[in-house]
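Trainee: Position 33 (the sequence shown) corresponds to 32 in numbering that gives the first Met the number 0; numbering is contiguous. From the three backbone atoms N, C-alpha and C, an ideal C-beta is built for every residue, glycine too. Since the model is a prediction, treat every value here as computed from it, not as a measurement. Please read through the structure below; I'll follow up with questions.
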Amino acid sequence: MKILHTADWHLGIDLHKVSLLEDQKYALWQIKKIVMKEDVDVIVIAGDVYDTTLASKEAIELYNRCMSMLCLELLKQVIVIAGNHDSAVRLATCAELLAPMGLHIYGKLEEKVKGLRIKDTMFYPIPYLHPAQVAQVYEQPCATQEEAFRIICEDIHLHKEKNLCHVAIAHAFIAGSSVCESDRFARVGGSDLVPATLFEEFDYVALGHLHRPQKVGEHVYYSGSLLPYSFSEAEQQKQVLLYDTCNQKVYARTIEPLHPLYVLKGSLSYLQQLRQVDDGYPQGYVKLQLLDVCVSYEMLTYFQEHYPGLLQLSGKNEQIKSKISLDVEQLDGLNDVNIVKRYFQDMFQETLCDEDIQLLQEGLSMLEEV
Numbered sequence: 000m001k002i003l004h005t006a007d008w009h010l011g012i013d014l015h016k017v018s019l020l021e022d023q024k025y026a027l028w029q030i031k032k033i034v035m036k037e038d039v040d041v042i043v044i045a046g047d048v049y050d051t052t053l054a055s056k057e058a059i060e061l062y063n064r065c066m067s068m069l070c071l072e073l074l075k076q077v078i079v080i081a082g083n084h085d086s087a088v089r090l091a092t093c094a095e096l097l098a099p100m101g102l103h104i105y106g107k108l109e110e111k112v113k114g115l116r117i118k119d120t121m122f123y124p125i126p127y128l129h130p131a132q133v134a135q136v137y138e139q140p141c142a143t144q145e146e147a148f149r150i151i152c153e154d155i156h157l158h159k160e161k162n163l164c165h166v167a168i169a170h171a172f173i174a175g176s177s178v179c180e181s182d183r184f185a186r187v188g189g190s191d192l193v194p195a196t197l198f199e200e201f202d203y204v205a206l207g208h209l210h211r212p213q214k215v216g217e218h219v220y221y222s223g224s225l226l227p228y229s230f231s232e233a234e235q236q237k238q239v240l241l242y243d244t245c246n247q248k249v250y251a252r253t254i255e256p257l258h259p260l261y262v263l264k265g266s267l268s269y270l271q272q273l274r275q276v277d278d279g280y281p282q283g284y285v286k287l288q289l290l291d292v293c294v295s296y297e298m299l300t301y302f303q304e305h306y307p308g309l310l311q312l313s314g315k316n317e318q319i320k321s322k323i324s325l326d327v328e329q330l331d332g333l334n335d336v337n338i339v340k341r342y343f344q345d346m347f348q349e350t351l352c353d354e355d356i357q358l359l360q361e362g363l364s365m366l367e368e369v
């Protein structure tokens, strides 16, 4: 059997107020092609199908079309668990009705985790959970994520059938994982970390929650997110994973973005020349970081014209803040005009002309009269 492992679709998400629905459609179309080419039997989606608990109409429609394509058109089995971004209740609506069609959805943990057998493989779907839920369902004290998963895994192993392949599906933060900017809310404190060793007795563990594709233990994998959802993920190669139960090998299949993300750093003159001379610059979403000047309105206008995909522009604000804070004491001996002149020099690397100084003096005089 071949299992395709994906997670963290975040349908409906925006990147700096730009909708990524078309980008997500393009990525899901690639998943369809992979499923067909590799003759995949089961598709596992390890949580965070949507970006918010109140998903938009367009995001829900995209999800519905994708599930119809996989289950009704390609006749594949699909297993979906809720992530922390999903509404577990909404996601699992009509779950019993959809299961006979091949769509198996697991929302809120309301009963002990039971195995779902498909051919030679037993799947154990563990949706995003809170320790209090586990304490209630399993009737055991439980205060941390580690305790929650320990209780669940021990119970699963007590009832495992022999001579089958055993696959766990979870949405959790595994100790030792590598995070990026998009994962900044994935972990708060240390009580939510789960040791990878708890999953040692499974043949494969399909994880969701973190956006960087990575292996975090023997047979324990994060597929990563469907697309890069922040510029901190710009250099990550997005993918889905294929697990073959026959040879127990894992293969990665690349997902190409419709609009790649680029982070370009350099001086003002360098970034101006780069766009002007490089006619073959690929179209994508761009973050520009000026290393020598702060951002002015004129710069923003210029770069918006020359970089159609510009979503973020930043300058050397942190360096300037540091410089200004160091020089505060030196401002005591300056008059108002010289302070303003100093400000323009520090912030914009510009020197006020005589006409500007005259206007400034007139304005200050008017304030004094008031």
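Under the assumption that aspartate 243 contacts histidine 218 (Cβ atoms under 8 Å), give the Cβ distance between them as a whole number of angstroms.
Mentor: Between histidine 218 and aspartate 243 the Cβ distance is about 12 Å, and since that is not below 8 Å, they are no contact.
Trainee: Below 8 Å on the Cβ atoms is my guess for glutamine 235 versus arginine 211; work out the distance and round it to an integer in Å.
Mentor: With 8 Å as the limit, glutamine 235 and arginine 211 qualify as a contact, their Cβ atoms being about 6 Å apart.
Trainee: Pick helix, strand or coil for glycine 362, following the three-state DSSP scheme.
Mentor: Looking at glycine 362 - three-state DSSP - the assignment turns out to be helix.
Trainee: Would you identify the three-state DSSP class for aspartate 355, choosing helix, strand or coil?
Mentor: Helix at aspartate 355.
Trainee: With a floor of 3 residues, list each beta strand (DSSP E) that falls wholly inside the region 106–190, ordered by position along the chain.
Mentor: Counting whole runs of 3 or more residues, the region 106–190 contains the beta strand (DSSP E) stretches 115–117, 120–125, 164–170.
Trainee: Given 8 Å as the limit, is there contact between the region 42–56 and the region 261–273, that is, 3 or more CB pairs closer than that?
Mentor: Verdict: no, contact absent.
Trainee: In the DSSP assignment, what residue or residues form a beta bridge with glycine 265?
Mentor: Its beta-bridge partners are Leu289.
Trainee: Assign alanine 91 to buried or exposed, taking buried as 16 or more other Cβ atoms, counted over all protein chains shown, within 10 Å of its Cβ.
Mentor: Buried, because 16 or more other Cβ atoms sit within 10 Å of the Cβ of alanine 91.
Trainee: Quick one: what's got a C-beta closer than 7 Å to isoleucine 155's C-beta in the same chain, skipping five residues either side?
Mentor: Within the same chain, isoleucine 155 has close Cβ partners Val112, Tyr123.
Trainee: By the 10 Å Cβ neighbour count, where 16 or more other Cβ atoms means buried, how is glycine 189 classified, buried or exposed?
Mentor: Confidence is the limiting factor: at glycine 189 the pLDDT is only 49, short of 50, which leaves the residue's position unreliable and the question unanswerable from this model.
Trainee: Got a sec, what are the start and stop residues for the alpha helix (DSSP H) valine 77 sits in?
Mentor: Element bounds for valine 77: not the alpha helix (DSSP H) but the beta strand (DSSP E), 76–80.
Trainee: From the DSSP output, which residues share a beta bridge with histidine 208?
Mentor: Answer is none; histidine 208 lacks a bridge partner.
Trainee: What separation, rounded to the nearest whole angstrom, lies between the Cα atoms of glutamine 213 and valine 294?
Mentor: C-alpha separation (whole angstroms): 36 Å.
Trainee: Give the DSSP-derived three-state secondary structure of leucine 102 in the structure shown.
Mentor: Here leucine 102 sits in strand by DSSP.
Trainee: Between the region 69–76 and the region 28–43, are three or more C-beta pairs nearer than 8 Å?
Mentor: Cβ pair count under 8 Å is three or more, so yes.
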